[in-house]
Amino acid sequence: MTDKSAELAGTLVAEHRSGTNFHRLEGINDLADAYNVQEKYIAAIRDGDETAGYKIGLTSKRMQDMCGIDQPIHGTIFKRRVAFTGAHLAHADYHRLGLEFEICVRLGQDLLPSDVPFTPETAGAAVDAVAAAIEIVDDRHADYSVLHCGTLIADNSWNAGVVLGAFTPPPAKMEEATGVAYLDGTEFARGLGADVLGHPYVPLAWLANHLAASGRMLRKGDIVMTGSIVTTRFPTGPFTYRFDVSGIGSVEVSGS
């Protein structure tokens, strides 16, 4: 669907500019179609920027069931959209701002496609550092009761940036790391590293294999957001969120 994918990518660009609410795009019939459109959409909005890494979404069985899919999804993170703890966001820069609380990993070496299939152990061995992180998502006021996963993928899996804490060597049992999220100093939720398919390296291995299947690869220095361990928040007014992950660190973001 080369011609159709370019047309649908152009539609996404136009709808982001016009503020159109998220809706199903007709013509995306399977995952291959969805990622073809995503590739064209990313090329259209890249504007000379480099790839910083990837986000992984739908890393819980509940979310996969809701979207009618049996695997995670991914999107590209641009370098210009990487911010660091203490960042301040403006609601006006997004259609609808969402925040997801995650563990980010950083690759210390390439994961060569010739080494597939990757396992959580072999993918995890390439990780040199991890950080508490908050993903910025923009769902464009999606109606979750009729959410179309193919269009979500095409729309770069809704990634609108990341906010990173300091990187540190990965703890021995990252699945046991406890993440605690605070709003304006008050705890509102917590989760475990195990909440992303049992261990953050499980979605990491999935991503490495998924990219390798299309001749791509995770490279040294890439960051990977491994999936939310706390329910997404959609702030509507001024806010300060902090996310502490035991054995890893903390990240904070504010907005108005």
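According to this note's numbering, the sequence shown is numbered sequentially starting from 23. Here a beta-carbon is modelled for each residue, glycine too, at the ideal position from N, C-alpha and C. Bear in mind that the values here come from a model prediction, so they are computed numbers and not experimental data.
Can you tell me where the alpha helix (DSSP H) with residue i in it begins and where it stops?
{"i": "LYS77", "result": "Segment 73–79 is the beta strand (DSSP E) holding LYS77; no alpha helix (DSSP H) there."}
{"i": "ILE67", "result": "53–67"}
{"i": "THR173", "result": "171–176"}
If you follow the beta strand (DSSP E) that residue i is in, where does it begin and where does it stop?
{"i": "ASP150", "result": "149–160"}
{"i": "ALA203", "result": "200–205"}
{"i": "MET85", "result": "Element bounds for MET85: not the beta strand (DSSP E) but the alpha helix (DSSP H), 83–89."}
{"i": "ALA105", "result": "104–106"}
{"i": "TYR263", "result": "261–267"}
{"i": "GLY271", "result": "271–277"}
{"i": "ASN231", "result": "Not the beta strand (DSSP E): ASN231 falls in the alpha helix (DSSP H), residues 223–235."}
{"i": "THR208", "result": "208–214"}
Let's test the definition: count the other Cβ atoms within 10 Å of the Cβ of residue i and tell me whether it reaches 16, buried, or not, exposed.
{"i": "GLU48", "result": "exposed"}
{"i": "GLN60", "result": "buried"}
{"i": "GLU198", "result": "exposed"}
{"i": "GLU143", "result": "exposed"}
{"i": "ASN51", "result": "exposed"}
{"i": "PHE210", "result": "exposed"}
{"i": "PRO260", "result": "exposed"}
{"i": "PRO257", "result": "buried"}
{"i": "LYS62", "result": "buried"}
{"i": "ALA36", "result": "exposed"}
{"i": "GLY97", "result": "buried"}
{"i": "THR208", "result": "exposed"}
Short of 6 Å in beta carbon distance, which residues of its chain neighbour residue i, apart from the five on each side in sequence? Order them along the chain.
{"i": "LEU119", "result": "HIS113"}
{"i": "ALA105", "result": "VAL185"}
{"i": "ARG279", "result": "Examination of residue 279 is not possible in this model, given that the chain is present from 23 through 278 alone."}
{"i": "ALA31", "result": "VAL59, LYS62, TYR63 and ALA66"}
{"i": "GLY79", "result": "ILE95 and SER179"}
{"i": "ALA145", "result": "TYR223, LEU226, ALA227 and ALA230"}
Closest to residue i by CA distance: which of the options is it?
{"i": "THR73", "options": "ALA31, ILE99 and ILE95", "result": "ILE99"}
{"i": "ASN43", "options": "ALA235, ALA216, THR173 and GLU209", "result": "THR173"}
{"i": "VAL218", "options": "GLY32, LEU53, ARG102 and MET85", "result": "MET85"}
{"i": "PHE265", "options": "SER27, ARG102, LEU30 and CYS126", "result": "CYS126"}
{"i": "TYR76", "options": "PRO139, TRP180, VAL273 and LEU30", "result": "TRP180"}
{"i": "VAL224", "options": "THR81, PRO192, ARG238 and ILE175", "result": "THR81"}
{"i": "ALA227", "options": "THR248, SER236, SER278 and ALA164", "result": "THR248"}
{"i": "GLY277", "options": "GLY220, ALA109 and HIS45", "result": "ALA109"}
{"i": "PRO94", "options": "SER268, ASN231, THR253 and LEU240", "result": "ASN231"}
{"i": "THR33", "options": "TYR57, ALA54 and ALA66", "result": "ALA66"}
{"i": "SER167", "options": "MET88, THR141 and LEU134", "result": "MET88"}
{"i": "GLY201", "options": "GLU122, PRO191, ALA194 and ASP244", "result": "GLU122"}
{"i": "GLY220", "options": "ARG238, LEU233, SER250 and ASP244", "result": "SER250"}
{"i": "VAL138", "options": "ARG238, ASN178 and GLY207", "result": "ARG238"}
{"i": "ALA234", "options": "GLU29, ASP92, GLY41 and LEU133", "result": "LEU133"}
{"i": "ALA194", "options": "ASP244, ALA56, ASP150 and ASN178", "result": "ASP150"}
{"i": "ALA188", "options": "ALA176, VAL246, ILE270 and GLU157", "result": "ILE270"}
{"i": "GLY183", "options": "ARG102, TYR57 and LYS83", "result": "ARG102"}
Pull up the CB-CB distance for residue i and residue j, whole angstroms please, since I reckon it's below 8 Å.
{"i": "TYR263", "j": "LEU214", "result": "19 Å between Cβ atoms; not a contact."}
{"i": "VAL185", "j": "THR254", "result": "Between THR254 and VAL185 the Cβ distance is about 14 Å, and since that is not below 8 Å, they are no contact."}
{"i": "ALA154", "j": "SER236", "result": "30 Å between Cβ atoms; not a contact."}
{"i": "LEU53", "j": "LEU129", "result": "Not confirmed; about 24 Å, so no contact."}
{"i": "LYS26", "j": "GLN131", "result": "That belief does not hold up - the Cβ atoms of LYS26 and GLN131 are roughly 38 Å apart, past 8 Å."}
{"i": "ARG68", "j": "HIS117", "result": "About 20 Å separates the two Cβ atoms, so there is no contact after all."}
Note down, in chain order, each residue of its chain lying with its Cβ closer than 7 Å to the Cβ of residue i, except the 5 sequence neighbours on either side.
{"i": "PRO222", "result": "ILE125, VAL127, MET196, GLY215 and THR248"}
Note down, in chain order, each residue of its chain lying with its Cβ closer than 8 Å to the Cβ of residue i, except the 5 sequence neighbours on either side.
{"i": "VAL252", "result": "GLU122, PHE123, GLY201, ALA203, ALA211, ARG212, GLY213 and PHE265"}
{"i": "ASP92", "result": "GLN86"}
Is there a C-beta anywhere in chain B that falls below 7 Å from the one on residue i?
{"i": "PRO94", "result": "Of the protein chains in this structure there is only one, and it is not chain B."}
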